[in-house]
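Under this note's numbering, think of the first position of the sequence shown as 26, with each following residue one higher.
C-beta: ideal position from N, C-alpha, C; glycine also.
Fair warning: this is a prediction, and the values are worked out from it, not measured in the lab.
Shown next, in structure tokens, is the structure this report addresses.
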Amino acid sequence: PTRPIMYRGQNIINFALLAAAVVIAMLLMVDPGRTFLFPALILLALAFGVLLVLPIGGADMPTVISLLNSYAGLAAVAMGFVMENKLLITAGALDGASGLILSIVMCKAMNRSFTNVLFGAFGQVQAGGGRVEQRTAKSATPEDAAQLLENASSVVIIPGYGMAVSQAQHRVHDLYEQLAKRGVDVKFAIHPVAGRMPGHMNVLLAEAEIPYDRLVEMDDINPEMPRTDVALVIGANDVVNPAARVDKSSPIFGMPIIDADKAKVVLAIKRSMNPGFAGIENELYFADNTLMLFGDAKGVIGDIVKNLSGQTGIH
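See the structure below:
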């Protein structure tokens, strides 16, 4: 599920399951003949794994996946010691270290800690109190977007989970080719935690045969954003929310983001104005330089490509 699933006393139950598993493991070490304890240990470990992940929301899954990958490496190391297999020990150590390092990098990218990811239940919808300010976002059509992209000299495309859900990566490739033919400088801004697994956007764009040198990391693309004519946000939400920079009361304050709002024009493709994983409104959508393109990303980008293919202007 996208939202974390919470229940009363979840941390107490999790630690109790872990403690019970440790006790059974120690009993088996003392007396390996108690084979009837093995099924109990397996069931406890299974329950602990499921209940540990339940309170973690969908957007934190990249960090959790890499952390679980690290655990798998540690298990391989332990198995290597038992079997006296040096190759298994080495491979497990490399796997465990790489998973741990990747988890640390992604936590840093979200300005979060391991404990906050595992136990913070980040992403619960905030219950608002009092009056809610009604704001209106400016919308545009695919025809408007095609005209803006046609007249741009530089375009930065910012993919997010919405692109993955709609499987729009191949339409994005078509858009890239149309713009490249017109001499537009097109780059793809990649946020470390965009999507639902480590390197999610990189994998999708590679599948769509986007040239690797067009993919730019967040820290490298941000200085270029003020000089960018059009920033095209495809299904990304919290990773482009300016509140992370300016709103100290925001749950995502301090999280490094892609500075899409600093581009001259922002085109944001989104199904609706519903909040993202963090449960807060995206200030980017209400900015003066932002135009919303409502609809499925695959369909919207397809319409933009159709409009561009009918235009013959070359820079």
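Measuring only the C-alpha atoms, how far is residue i from residue j?
i: residue 167; j: residue 321; result: 12 Å
i: residue 161; j: residue 311; result: 7 Å
i: residue 88; j: residue 222; result: 8 Å
i: residue 38; j: residue 265; result: 36 Å
i: residue 244; j: residue 57; result: 53 Å
i: residue 177; j: residue 116; result: 49 Å
i: residue 298; j: residue 318; result: 11 Å
i: residue 228; j: residue 190; result: 14 Å
i: residue 323; j: residue 295; result: 11 Å
i: residue 124; j: residue 118; result: 10 Å
i: residue 62; j: residue 43; result: 15 Å
i: residue 69; j: residue 106; result: 23 Å
i: residue 78; j: residue 335; result: 49 Å
i: residue 215; j: residue 225; result: 10 Å
i: residue 325; j: residue 140; result: 39 Å
i: residue 200; j: residue 98; result: 40 Å
i: residue 64; j: residue 180; result: 57 Å
i: residue 100; j: residue 240; result: 35 Å
i: residue 169; j: residue 267; result: 24 Å
i: residue 41; j: residue 59; result: 22 Å
Please return the same chain residues whose Cβ sits closer than 8 Å to the Cβ of residue i, not counting the five positions on each side in sequence.
i: residue 66; result: 46, 49, 50, 53
i: residue 90; result: 222, 223
i: residue 337; result: In this predicted model, residue 337 has a pLDDT of only 47, less than 50, meaning its place in the structure is not dependable enough to derive any value.
i: residue 102; result: 113, 114, 117, 118, 121
i: residue 205; result: 211
What residues in its chain sit with their C-beta under 6 Å from that of residue i, if we drop five residues either side in the sequence?
i: residue 333; result: 171, 203
i: residue 327; result: 196
i: residue 142; result: 85, 88
i: residue 218; result: 87, 131, 134, 135
i: residue 163; result: 316
i: residue 128; result: 88, 91, 92
i: residue 76; result: 39
i: residue 220; result: 186, 189, 226
Taking residue i and residue j to be in contact with their CB atoms under 8 Å, please state how far apart those CB atoms are, rounded to whole angstroms.
i: residue 258; j: residue 231; result: Wrong, their Cβ atoms sit about 20 Å apart, outside the cutoff.
i: residue 74; j: residue 95; result: Not a contact, Cβ separation roughly 14 Å.
i: residue 209; j: residue 256; result: With 8 Å as the limit, residue 209 and residue 256 do not qualify as a contact, their Cβ atoms being about 13 Å apart.
i: residue 329; j: residue 174; result: 7 Å
i: residue 309; j: residue 285; result: 6 Å
Buried or exposed: which applies to residue i, given that a residue is buried once 16 or more other Cβ atoms fall within 10 Å of its Cβ?
i: residue 32; result: exposed
i: residue 242; result: exposed
i: residue 212; result: buried
i: residue 313; result: exposed
i: residue 104; result: exposed
i: residue 80; result: buried
i: residue 253; result: buried
i: residue 30; result: exposed
i: residue 307; result: buried
i: residue 71; result: exposed
i: residue 55; result: exposed
i: residue 36; result: exposed
i: residue 271; result: exposed
i: residue 207; result: buried
i: residue 126; result: exposed
i: residue 34; result: exposed
Within a Cβ cutoff of 7 Å, which residues of the same chain sit near residue i, ignoring the five residues on either side of it in sequence?
i: residue 198; result: 233, 234, 235
i: residue 280; result: 135, 136, 269
i: residue 193; result: 259, 322, 323, 326
Compute every distance between the C-beta of residue i and the non-hydrogen atoms of the ligand SAM, then say whether any falls below 6 Å.
i: residue 136; result: Inclusion of the ligand SAM in the displayed structure is not the case, the ligand content being empty and no account of it being possible.
Counting pairs of Cβ atoms below 8 Å between the region 185-200 and the region 243-251, do you hit three or more? no
Report yes or no: do three or more beta-carbon pairs, one from the region 229-241 and one from the region 267-283, lie closer than 8 Å? no
At a cut of 8 Å, does the region 136-143 reach the region 108-115 through at least three beta carbon pairs? Proximity of the region 136-143 to the region 108-115 falls short of the contact definition, fewer than three beta-carbon pairs being nearer than 8 Å.
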